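Note that the sequence shown covers residues 31 to 152 in my numbering. What follows is one structure encoded as structure tokens, with my remarks underneath.
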Amino acid sequence: RSTTGYVFFLNGSAISWKSKRQPTVATSSTEAEYMALYNATQEAVWLRQLLLDVGCECVGATTIFQDNQGCIALAKNPAYHSRTKHIDLKYHILREKVEDKVIVLEYNPTDEMIADGFTKAL
């Protein structure tokens, strides 16, 4: 089982973070990253709504940095693939969020990922 980890920043300060073992076993690193990206997307949507509720307008999409290029390609491509048919449908909601420009995915090399500290043993 893989570990999901993410950190959200607002104006340079961490406002939300998580580190948790994934409930299911992934068959590839891309699938594990895709499941983690789903969790981060859920949090991003919730944080955007929270900001709206307190009177702060979210201008533009929320950027999520990802270090797995296969995961980014999977999230940006809405086509059905036989290689991804085993992935639970709930995880594909992030494709809608990318398509609707609620979130933007950007590649960030592994050695620059802040959230990786949440997924590695000390």
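Even for Gly, the Cβ is constructed at its ideal location relative to N, Cα and C. Since the structure is predicted, the reported quantities are computational estimates derived from the model, not experimental observations.
query                                                                                                 : result
N-terminal and C-terminal residue of the beta strand (DSSP E) that Ala44 is part of                   : Ser43 to Arg51
Unbroken stretches of the beta strand (DSSP E), 3 residues or longer, contained in the stretch 77-120 : 92-96
Residues that DSSP places opposite Leu67 in a beta bridge                                             : Paired residues: none, contrary to the question.
Straight-line gap, Tyr2 to Lys48 (C-alpha atoms, nearest Å)                                           : Residue 2 falls outside the range modelled here, since the chain spans only 31 to 152, and no answer is possible.
Contacting residues, own chain, Cβ-Cβ under 7 Å from Ile102 (five flanking each side not counted)     : Gln96, Leu135 and Tyr137
6 Å CB neighbourhood of Arg31 in its chain, flanking five on each side removed                        : Arg51, Gln52 and Val55
Ala62 burial status per 10 Å Cβ neighbour count (16 or more: buried)                                  : buried
Rounded Cβ spacing between Thr60 and Leu104 (contact assumed at less than 8 Å)                        : 6 Å
Strand pairing of Glu136, partner residues [DSSP]                                                     : Phe95
8 Å Cβ cutoff met for Ile133 and Ala66                                                                : no
Alpha carbon of Tyr68 to alpha carbon of Glu87, nearest angstrom                                      : 23 Å
Selection from Tyr64, Ser46 and Thr140 that minimises the alpha carbon distance to Lys197             : This structure cannot speak to residue 197, because the chain is shown only from 31 to 152.
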